[in-house]
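Structure record follows, encoded as C-alpha coordinates.
Residue numbers (the working numbering): 84 to 290.
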(Lines of atoms letter the chains of each structure in order from A and count residues from 1; the text may use other names and numbers.)
(Lines give C-alpha, C1' and ligand atoms only; values in the text may rest on other atoms or scores of the structure.)
Protein backbone atom coordinates (compact mmCIF):
# COMPACT_ATOMS: atom_id res chain seq x y z
CA UNK A 1 0.00 0.00 0.00
CA UNK A 2 1.23 3.48 -0.85
CA UNK A 3 0.86 6.32 1.63
CA UNK A 4 0.44 9.90 0.50
CA UNK A 5 1.89 12.92 2.26
CA UNK A 6 0.05 16.24 2.29
CA UNK A 7 -0.12 19.48 4.26
CA UNK A 8 -1.88 19.24 7.63
CA UNK A 9 -5.47 20.40 7.40
CA UNK A 10 -6.49 22.51 10.37
CA UNK A 11 -5.89 22.51 14.10
CA UNK A 12 -7.17 18.97 14.72
CA UNK A 13 -4.66 17.35 12.37
CA UNK A 14 -1.81 19.49 13.65
CA UNK A 15 -2.72 18.51 17.22
CA UNK A 16 -2.78 14.83 16.30
CA UNK A 17 0.56 15.20 14.51
CA UNK A 18 2.08 16.85 17.56
CA UNK A 19 0.92 13.98 19.78
CA UNK A 20 2.79 11.55 17.50
CA UNK A 21 5.92 13.71 17.71
CA UNK A 22 5.79 13.94 21.50
CA UNK A 23 5.28 10.18 21.84
CA UNK A 24 8.28 9.54 19.58
CA UNK A 25 10.52 11.95 21.48
CA UNK A 26 9.49 10.38 24.79
CA UNK A 27 10.13 6.88 23.43
CA UNK A 28 13.61 7.99 22.37
CA UNK A 29 14.30 9.45 25.82
CA UNK A 30 14.56 13.09 24.72
CA UNK A 31 11.65 14.20 26.92
CA UNK A 32 9.75 12.61 29.80
CA UNK A 33 6.54 10.63 29.40
CA UNK A 34 4.86 13.18 31.67
CA UNK A 35 5.83 16.07 29.38
CA UNK A 36 4.70 14.12 26.33
CA UNK A 37 1.30 13.39 27.86
CA UNK A 38 0.88 16.98 29.04
CA UNK A 39 1.71 18.34 25.60
CA UNK A 40 3.13 21.54 27.03
CA UNK A 41 3.99 24.13 24.38
CA UNK A 42 7.70 24.73 24.12
CA UNK A 43 8.82 21.37 25.50
CA UNK A 44 10.64 20.76 22.21
CA UNK A 45 13.26 23.26 20.98
CA UNK A 46 11.57 23.35 17.57
CA UNK A 47 8.06 24.09 18.89
CA UNK A 48 8.18 27.86 18.39
CA UNK A 49 9.46 27.46 14.83
CA UNK A 50 6.80 24.88 13.95
CA UNK A 51 4.08 27.20 15.24
CA UNK A 52 5.43 30.16 13.25
CA UNK A 53 4.32 31.34 9.78
CA UNK A 54 7.74 30.21 8.48
CA UNK A 55 6.79 26.54 8.96
CA UNK A 56 4.64 23.99 7.15
CA UNK A 57 3.55 20.72 8.75
CA UNK A 58 3.03 17.67 6.54
CA UNK A 59 1.10 14.55 7.51
CA UNK A 60 0.26 11.09 6.24
CA UNK A 61 -3.36 10.10 6.87
CA UNK A 62 -4.62 6.53 7.04
CA UNK A 63 -8.37 6.31 7.31
CA UNK A 64 -9.45 8.66 10.09
CA UNK A 65 -6.05 8.94 11.76
CA UNK A 66 -2.70 10.62 11.18
CA UNK A 67 0.15 8.08 11.14
CA UNK A 68 3.16 10.17 10.17
CA UNK A 69 4.29 13.78 10.25
CA UNK A 70 7.19 16.13 9.55
CA UNK A 71 7.55 19.90 9.60
CA UNK A 72 9.63 22.11 7.32
CA UNK A 73 10.93 25.42 8.69
CA UNK A 74 11.86 27.88 5.96
CA UNK A 75 14.65 30.34 6.58
CA UNK A 76 13.78 33.74 8.00
CA UNK A 77 15.45 36.46 10.10
CA UNK A 78 14.60 34.34 13.16
CA UNK A 79 16.69 31.46 11.82
CA UNK A 80 16.31 27.76 12.56
CA UNK A 81 16.09 25.77 15.79
CA UNK A 82 19.46 24.23 14.93
CA UNK A 83 21.02 27.71 14.76
CA UNK A 84 21.42 27.37 18.53
CA UNK A 85 24.05 24.70 17.88
CA UNK A 86 25.28 25.26 14.33
CA UNK A 87 24.86 28.94 13.57
CA UNK A 88 28.34 29.37 12.06
CA UNK A 89 27.88 26.43 9.70
CA UNK A 90 24.45 27.64 8.60
CA UNK A 91 25.55 31.25 8.25
CA UNK A 92 28.36 30.21 5.91
CA UNK A 93 25.81 28.53 3.64
CA UNK A 94 23.53 31.55 3.74
CA UNK A 95 26.40 33.83 2.74
CA UNK A 96 27.11 31.50 -0.20
CA UNK A 97 23.56 32.11 -1.41
CA UNK A 98 21.96 28.81 -0.45
CA UNK A 99 18.21 28.76 0.14
CA UNK A 100 17.81 26.61 3.22
CA UNK A 101 15.07 24.89 5.19
CA UNK A 102 15.27 22.80 8.35
CA UNK A 103 13.45 19.48 8.66
CA UNK A 104 12.09 19.02 12.19
CA UNK A 105 9.67 16.89 14.21
CA UNK A 106 9.79 13.84 11.95
CA UNK A 107 7.77 11.06 13.58
CA UNK A 108 5.55 8.08 12.86
CA UNK A 109 2.83 6.38 14.88
CA UNK A 110 4.71 3.39 16.28
CA UNK A 111 1.55 1.38 16.96
CA UNK A 112 0.63 1.74 13.30
CA UNK A 113 4.16 0.95 12.11
CA UNK A 114 4.20 -2.21 14.24
CA UNK A 115 1.28 -3.51 12.21
CA UNK A 116 2.95 -2.99 8.85
CA UNK A 117 4.24 -6.12 7.09
CA UNK A 118 7.89 -6.95 6.61
CA UNK A 119 11.14 -5.71 8.12
CA UNK A 120 11.58 -1.96 8.12
CA UNK A 121 7.91 -1.28 7.53
CA UNK A 122 8.38 2.24 8.82
CA UNK A 123 10.07 3.15 5.52
CA UNK A 124 6.61 2.98 3.97
CA UNK A 125 5.89 6.19 5.90
CA UNK A 126 9.32 7.81 6.17
CA UNK A 127 10.00 7.89 2.44
CA UNK A 128 6.66 9.55 1.52
CA UNK A 129 7.26 12.12 4.27
CA UNK A 130 10.64 13.02 2.80
CA UNK A 131 9.19 13.05 -0.70
CA UNK A 132 6.66 15.58 0.55
CA UNK A 133 9.48 17.63 2.06
CA UNK A 134 11.36 17.70 -1.25
CA UNK A 135 8.28 18.61 -3.25
CA UNK A 136 7.42 21.43 -0.86
CA UNK A 137 10.97 22.70 -0.91
CA UNK A 138 11.11 22.61 -4.69
CA UNK A 139 8.01 24.79 -4.83
CA UNK A 140 9.62 27.25 -2.39
CA UNK A 141 13.03 27.38 -4.08
CA UNK A 142 14.95 25.48 -1.39
CA UNK A 143 18.25 23.92 -2.46
CA UNK A 144 19.48 22.62 0.90
CA UNK A 145 17.50 20.75 3.57
CA UNK A 146 19.18 20.80 6.98
CA UNK A 147 18.47 18.42 9.84
CA UNK A 148 19.95 17.34 13.17
CA UNK A 149 19.97 13.60 13.80
CA UNK A 150 21.07 11.21 16.50
CA UNK A 151 24.36 9.57 15.41
CA UNK A 152 22.73 6.13 15.59
CA UNK A 153 20.57 7.15 12.61
CA UNK A 154 23.46 8.63 10.63
CA UNK A 155 23.73 5.70 8.22
CA UNK A 156 20.10 5.92 7.16
CA UNK A 157 20.35 9.63 6.41
CA UNK A 158 23.54 9.06 4.45
CA UNK A 159 21.73 6.43 2.38
CA UNK A 160 19.02 8.89 1.36
CA UNK A 161 21.56 11.52 0.38
CA UNK A 162 22.29 13.68 3.42
CA UNK A 163 25.92 14.74 3.90
CA UNK A 164 27.72 16.05 7.02
CA UNK A 165 27.39 19.74 7.88
CA UNK A 166 29.42 19.95 11.08
CA UNK A 167 30.69 18.09 14.16
CA UNK A 168 28.73 16.09 16.71
CA UNK A 169 27.48 18.16 19.63
CA UNK A 170 25.11 17.76 22.57
CA UNK A 171 21.56 19.05 22.27
CA UNK A 172 21.05 20.32 25.80
CA UNK A 173 17.42 21.21 25.08
CA UNK A 174 16.82 17.50 24.41
CA UNK A 175 18.41 16.13 27.54
CA UNK A 176 21.96 16.45 26.25
CA UNK A 177 21.39 13.93 23.46
CA UNK A 178 24.19 13.68 20.88
CA UNK A 179 23.34 15.21 17.54
CA UNK A 180 24.85 15.51 14.09
CA UNK A 181 24.02 18.21 11.54
CA UNK A 182 23.29 16.98 8.02
CA UNK A 183 22.25 18.63 4.78
CA UNK A 184 20.59 17.31 1.64
CA UNK A 185 21.41 19.05 -1.64
CA UNK A 186 18.59 17.44 -3.57
CA UNK A 187 19.40 19.02 -6.93
CA UNK A 188 22.89 17.54 -6.82
CA UNK A 189 21.38 14.12 -6.16
CA UNK A 190 19.14 14.46 -9.20
CA UNK A 191 22.11 15.43 -11.36
CA UNK A 192 24.07 12.38 -10.21
CA UNK A 193 21.22 9.90 -9.80
CA UNK A 194 23.24 7.12 -11.44
CA UNK A 195 25.68 7.29 -8.52
CA UNK A 196 23.03 7.15 -5.78
CA UNK A 197 21.83 4.21 -3.73
CA UNK A 198 18.31 2.74 -4.03
CA UNK A 199 16.85 4.67 -1.09
CA UNK A 200 18.13 7.97 -2.43
CA UNK A 201 16.66 7.25 -5.86
CA UNK A 202 13.30 6.34 -4.32
CA UNK A 203 13.33 9.64 -2.47
CA UNK A 204 14.08 11.83 -5.47
CA UNK A 205 11.72 9.99 -7.85
CA UNK A 206 8.90 12.19 -6.52
CA UNK A 207 10.61 15.47 -7.44
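Glycine is no exception: its CB is placed at the ideal position from the N, C-alpha and C atoms.
Inter-residue distance for residue 195 and residue 150 is about 7 Å (C-alpha atoms, whole angstroms).
Residue range 260-267 is occupied by the beta strand (DSSP E) that includes residue 264, with no alpha helix (DSSP H) assigned at that position.
Residue 161 has its alpha-carbon roughly 17 Å from the corresponding atom of residue 230. Annotated as proximal: residue 168 and residue 254, with beta-carbon spacing under 8 Å. Counting C-beta pairs with one atom in each stretch, the segment 177-196 and the segment 95-113 have three or more that are closer than 8 Å, which means they touch. Relative to the Cα of residue 235, the nearest Cα in the group 252, 222 and 262 belongs to 262. In the three-state DSSP reduction, residue 159 falls in the coil class, being neither helix nor strand. Residues 114 and 118 of the same chain have their beta carbon placed closer than 7 Å to that of residue 126, with the five preceding and five following residues left out of the count. In this structure, the alpha-carbon of residue 265 lies about 19 Å from that of residue 132. Where residue 228 is concerned, the enclosing beta strand (DSSP E) starts and stops at 227-232. Here residue 207 is buried: its Cβ has 16 or more other Cβ atoms, across all protein chains shown, within 10 Å.
Going by DSSP, residue 145 is part of the beta strand (DSSP E) stretching over 138-145. Bounds of the beta strand (DSSP E) holding residue 187 are 183-191. In this structure, residue 248 keeps its C-beta atom at 8 Å or more from the C-beta atom of residue 155. DSSP places residue 90 within a strand segment (E or B) once states are collapsed to three.
Within the DSSP bridge table, the entry for residue 252 names 262 as partners.
In the same chain as residue 172, and ignoring 5 residues on each side of it, the C-beta atoms closer than 6 Å to its own belong to 248 and 249, in chain order.
Cβ-Cβ separation between residue 112 and residue 258: approximately 7 Å, consistent with a contact (criterion under 8 Å). In terms of CA proximity to residue 146, 86 leads the group 159, 166, 224 and 86. Residue 159 is classed as exposed because its beta carbon has fewer than 16 other beta carbons within 10 Å across all chains shown. Shown here, residue 220 sits in a helix according to DSSP, grouped into three states.
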